[in-house]
Every structure is written in C-alpha cells, then in structure tokens.
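Using numbering that gives the first Met the number 0, the letters of the sequence shown correspond one by one to residues 0 to 565. Ideal placement from N, C-alpha and C gives every residue a C-beta, glycine not left out.
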Amino acid sequence: MTIDRQTIGAYERSRNLAGKPFPSACYAPFTSLYFNTNGDVNACCKNSSYLLGNIARERLDDIWHGRRAQGLRRAMREYKLEVGCQFCEWQITGGQYDQVYATVFDDLPVRGEDAEWPSMMEFTLSNTCNLACIMCFGALSSTIRAKRDKLPPLPRVYGDEFFEDLRKYLPHLTVAKFFGGEPFLCRESYRIWDMMIEDGITIPCHITTNATQFNERVEQILDAFPCSLALSLDGVTKETVESIRVYAKWEECMANVERFLDYARRKQGAGLSLTYCLMRQNWHEFGDYLKFGEERGLTVFINTVAEPEHCSLYTLPPEELEEIAGRMEQLDKRHHYSRLELNGRVWTSAVEALHKNARQAQREKISEFTQAAVDRNPVGKAWRLVGEGKLAEALTVVARVPEGDQQYYARLVLEGHVLRRQNRLDEAEARLDEAVALFPKGPNAYVERAWLRLQQERTSAAVEDARRAAKRIGDDLDHPNAADAFAVLGHALAHSGQFEPALAAVDKAVALKPDDAWMHLHRGWVLAGAARLPEAMDAVTKATELSPENPELPRLREYVSARLAE
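Structure below.
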C-alpha cells in the first residue's frame, strides 16, 4: 500500500534525515545488503519476501545492480510498502515511529539512487548456534534444526566464489554487521574477519551475540576491529534467561557480560548494548532488564517478536494485550522505569506499542504479515493449501524447492503426504523412501510412511515405521510431529490387534493436542476397533465440539452407531 500523506508526515518528523539526497520510506535498498543462511540476498532482515537474488545462482555484482534492486529502490521512493515491507508498514501505520525498523538505515550514508557500493552489509551466513531459543527457528539455529526440528544440517551455500566477489566490496563499507546463528561460532564470520585483517580493513563491526562465547579467538577479533556488540539475554533472572535461551548458562553469560563491558570501556570506538525480545514469557522482567542495563551504562533495544505466535504479545486477544499493558503501567508506578535516564523512553515506547496494537486495525495488519511469512515459504504455503484441500496446487507450489535446498527433505515429506491422499501410492512411497534415505534420523518421513503402509495394508511395516518415528521423537514432546507419531502408532498397533498399547499411544496424542479434533478421532477409531463403543462415541462427541465440519466425523459416527445398534 501507499501510506497516506498525514502518516508520512508524522513518520518523517520522527526521523533524522539531515543530509539525505532524496526522500525515501526506507534507505535499506540504497545502502545495504542482507545475506541469509540459504543464500538469499535481501535489502534487510525484515523483508525476506522481496528477493534481490541468491548467491547460489547469481554473482554479487549482478544482485547489487540488478533489476530487482532497482525496483525496490523505486518503490521506497514512492513510499509503496507492498514489496515485502509489511512489518514496517505495521509499525508506521500504528504510530510506533521510534520502533520502526526502517529507521536503522537512516544513519547510513546514502551515496545516490544507484550507488556503486553499499554502505553496509549484514551477514547471516550460517545457522551455527549452541542455543535453542524458544522464539527462534531452525534456519537460524543449528541446535534447533537438529534437536527440535530433527532435520538434516543446512547445506553451506557460501563458497569461494562468493568470498572472492565480496572482497572488493569490503573496503567501501562503513560498517559490517554479523548475526547468526552465533557469529562467534560461525566459520563464515571468521573467514570475513580474516579477509579484512589481511587487507588492512578496520571498519567498525557490529556483532549480535548470545554472550555464551568469550575465548582467545573472540579476543583476537575484538582486538582487530572496533566492535559494537549487542548482547541478547532476554531476561534478568537465571530462571527466565535459561527457560527462553535454552542451553544457556546464566552464570557464564553474566561473566561474559563483564568481559564485554571491560572491552567496550578500554577499546576506542567500541560499543556495547543489550537487546530484548519482548514476549509473553518475559514482559514481566522488562523493566528490571532496563535497570540492569542502566546500572551498567548500556542502552536496551527492543526486538519486536511477531512470530512464532506462542511467543508474540501482538497475537494475543486485545483484552489480554490491554491487561498486560495495564499491569506494566502499575509496575512503573512502583519502580519508575519510565524515569530511567538511558532507557526510560524505551519503556514508555514499549507500553505505548502494546496499547496501540490492541486496536483491531493493527491486529489485522500483524495477521497479514505473519500470513505473508508463511506464504513466502514454499513448504509453509503448500501445507496451508493442503489444509484447504487444494492438493494439486500444493504440489505445484512445493515443487519450487530444488534438490539440495535446506527444505528439500520437507518437500519430500509433503509430497509423500499429498500423493498418498491422492491414492498415488507408488509415487508417495518413492518420495518417502527418498526422504528416509536423505535423513534417517528425522521422524517426519517415518510418520508419513507409516500412514502409507496402513493404506497399503502392510500392517507390520506400518508398526515398524511408527515405532521408528516415536523413537526419534523420544522425550521431545514439543516436536511438531510428536502427536502425529503417537496417533499413527496407535492406529498401526490397533490394526495388528494390540489394543492396549494402541490406546496408550493415542492417549499420548490427545494429551499433546487436546484441542485438535483429529487426535480425538484417532482415539475414537482405536476405541471402536477395541469394541469400546460408548467411549468411541464420547470421542466423536468431543471431536464434534472442536470441529463440527471435520470431514472424517460422519464416517466414524456412522461406524460406531452401526456397531452400537447391532
């Protein structure tokens, strides 16, 4: 959409645009490139749907000077944000001017409408990370991808050609930013730093770190550059930090905070700040975190969390969001967070944003861009189409994921699911066999192949695959496929006449997803098979309450009713 003139005026008045050669809603496409773990190159990390190019397919020069980069620059000059900029549109139209992500780029030199070189590059070249933060994803954490998603490692896409092309850009940057993963664990980060050291480049480096790493190699980098460090902690108590930043050790992080503080105090040009992902799980500690920063002379920056939904404040019902904002205001009356010299305005801005986003219009906008995030992911969009019954369309969308891509395994699993539902059983089997061979440690393909085996009336093979899936999930009951694994295990065991363990399995599935009608239907079928018909009808009733339009309901209801009438 094109933002109305009144909103543009208010937004512009909140910005520092001194010396800018032309007006623009955002200067990111004129000044910056952001490199993602899969090789995608965008103008910034918030706009992942408007792709400038991909390093695996294009050279760096062609991306920076390319047609898509030119198109995004034109759109920003015309204040048109429909080109993937829904996140900043949501913030601008909601009046959250001091939190608008686009203003990050206002501080960079704009060298013209078609500059020869960018002023900044942001590197997220690897998902190598030792933590599994609850608000993070496998694309940004190797630990999550391995332990939570149970997926194969991401392929490394940044090869020698990229680093050769990059070398001539580095002397022209005013700042290089390193994200992760954890930058101090990513070998790609060190390759860039080593290249800069070799070439005598000493530009400022901004590094966002989880504060778990401080060793001799880290100290070498800190000594080589004026580094501005942003420490991500997301809490001020051991309980909160370790529950959000899974696998972090509070005592080690606090010791490293002091080490980084010492570096920032003694190194000219260095800087240190704190970041905070303000979420449902930690809003109650936000004020004390601001005080923690204030006592150490550190400014706190808010990372706005829009997804995943279970972490985001902004996806709460309006009345709950207003209640939290009100409770924060009560905390302020007792502790005076809004009066902090460094971080008082950060507190006030956060509370104001919660009030503004309780409005229906803002809630609609956040829903739009979170849905857009799903739709720009071919696998996510394809699963949404599957849920809508558009199976052929789902196959077309997911076919965009090429072999070797980080989502290729997920593509094979989805194709197996859809082809099975289309009764194309041989093709489904081929896809799922390929998925199992590609990553035998993952449960997803075993779950789908177990359902396929049941459809093929190969009961013992179904039991074997279902047990493999359950074994790979183990105690990780937060795994997204956990309930499905226990559901198919229950069906497979019931088909083999093992009703007692079958019921134990489907009971686990229901416990994991008590509000999912499908889980109650799975339980109903197993109970019906065990001739526990009144309980099976209770499962039908519960499923009906949760989802009266479920297509499987009539079949199970009719089957149980007929058996009861016998």
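Considering Cα atoms alone, identify which of the options is closest to residue i.
| i | options | result |
| --- | --- | --- |
| residue 257 | 2, 345, 292 and 318 | 292 |
| residue 79 | 25, 107 and 480 | 25 |
| residue 418 | 506, 427 and 89 | 427 |
| residue 235 | 274, 198 and 262 | 274 |
| residue 260 | 241, 468 and 271 | 271 |
| residue 54 | 453, 39, 67 and 462 | 39 |
| residue 218 | 265, 305, 233 and 454 | 265 |
| residue 91 | 18, 34 and 4 | 4 |
| residue 28 | 402, 8, 52 and 151 | 52 |
| residue 496 | 458, 222 and 464 | 458 |
| residue 48 | 376, 286, 196 and 129 | 376 |
| residue 148 | 548, 520, 468 and 505 | 468 |
| residue 180 | 474, 198, 152 and 341 | 152 |
| residue 549 | 437, 192, 564 and 517 | 517 |
| residue 406 | 437, 420, 391 and 422 | 437 |
| residue 76 | 352, 190, 128 and 23 | 23 |
| residue 286 | 317, 404, 352 and 335 | 335 |
| residue 547 | 276, 514 and 233 | 514 |
Return the CA-CA distance between residue i and residue j, expressed in angstroms with no decimal places.
| i | j | result |
| --- | --- | --- |
| residue 83 | residue 557 | 48 Å |
| residue 170 | residue 200 | 6 Å |
| residue 433 | residue 466 | 19 Å |
| residue 441 | residue 409 | 10 Å |
| residue 311 | residue 161 | 36 Å |
| residue 112 | residue 379 | 35 Å |
| residue 397 | residue 194 | 38 Å |
| residue 425 | residue 416 | 12 Å |
| residue 339 | residue 284 | 15 Å |
| residue 253 | residue 400 | 42 Å |
| residue 41 | residue 487 | 41 Å |
| residue 137 | residue 165 | 26 Å |
| residue 140 | residue 280 | 20 Å |
| residue 490 | residue 203 | 59 Å |
| residue 450 | residue 461 | 7 Å |
| residue 167 | residue 304 | 35 Å |
| residue 349 | residue 337 | 10 Å |
| residue 470 | residue 223 | 48 Å |
| residue 8 | residue 2 | 10 Å |
| residue 508 | residue 540 | 17 Å |
| residue 57 | residue 537 | 58 Å |
| residue 476 | residue 319 | 28 Å |
| residue 332 | residue 229 | 29 Å |
Spatial neighbours of residue i within its chain, please: CB distance less than 7 Å, with the 5 preceding and 5 following residues excluded, ordered by chain position.
| i | result |
| --- | --- |
| residue 483 | 446 |
| residue 654 | Only positions 0 to 565 of the chain appear in the structure, and residue 654 is not among them; the question remains open. |
| residue 543 | 552 |
| residue 45 | 86, 87 and 100 |
| residue 262 | 221 and 269 |
| residue 464 | 445, 448, 449 and 452 |
| residue 249 | 237, 240 and 241 |
| residue 185 | 124, 125, 127 and 179 |
| residue 390 | 417, 420 and 421 |
Near residue i, which residues of its chain fall below 6 Å by C-beta distance, leaving aside the five closest residues on each side in sequence?
| i | result |
| --- | --- |
| residue 187 | 124, 125 and 157 |
| residue 314 | 308 |
| residue 411 | 430, 433 and 434 |
| residue 535 | 523, 526, 527 and 559 |
| residue 562 | 532 |
| residue 480 | 442, 443 and 446 |
| residue 13 | 96 |
Please tell me whether, using a cut-off of 7 Å, the distance from the CB of residue i to the nearest non-hydrogen atom of the ligand SAH is below it.
| i | result |
| --- | --- |
| residue 106 | Ligands are entirely absent from the displayed structure, and the ligand SAH is therefore not among its contents. |
To which residues of the same chain is residue i closer than 8 Å at the C-beta, ignoring the five residues directly before and after it?
| i | result |
| --- | --- |
| residue 30 | 104, 107, 108, 109, 110, 114, 117, 118 and 119 |
| residue 529 | 493, 498, 501 and 502 |
| residue 282 | 312, 323 and 327 |
- Inspect the CB distances between the stretch 113-126 and the stretch 175-186 and report whether three or more fall short of 8 Å. yes
- Item | Contiguous beta strand (DSSP E) assignments of at least 3 residues, all confined to the stretch 291-357 | As far as the stretch 291-357 is concerned, its whole beta strand (DSSP E) runs of at least 3 residues are 299-303.
- Task: Flag this pair as touching only if the stretch 90-98 and the stretch 67-77 have three or more C-beta atom pairs under 8 Å; answer yes or no.
- Result: no
- Query: Should the stretch 141-157 be regarded as contacting the stretch 207-221, the criterion being three or more beta carbon pairs within less than 8 Å?
  - Reply: no
- Message: Check whether the stretch 340-356 and the stretch 285-299 are in contact - that is, three or more C-beta pairs closer than 8 Å.
- Response: These segments touch.
- Item | Cβ contact check for the stretch 130-138 and the stretch 380-397: 3 or more pairs under 8 Å | no
- Query: Curious, which full-length alpha helix (DSSP H) runs of at least 4 residues does the stretch 435-493 contain?
  - Reply: 443-454 and 458-472
- Decide yes or no for the touch test of the stretch 212-221 against the stretch 229-245: beta carbon pairs closer than 8 Å, at least 3 of them. no
- Identify every run of the alpha helix (DSSP H) within the stretch 156-226, keeping only runs that are complete inside it and at least 4 residues long; order them along the chain. 159-166, 186-197 and 215-223
- Task: Output the residue ranges of the alpha helix (DSSP H) runs that lie fully inside the stretch 77-118 and measure 4 residues or longer, sorted by chain position.
- Result: With a minimum length of 4 residues, the continuous alpha helix (DSSP H) runs that stay inside the stretch 77-118 are 85-92.
- What are the start and end residues of each continuous beta strand (DSSP E) run of 3 or more residues lying completely inside the stretch 3-90, in chain order? 31-34 and 39-41
- Item | Ranges of the alpha helix (DSSP H) found wholly within the stretch 390-421, counting only runs of at least 4 | 390-397 and 407-420
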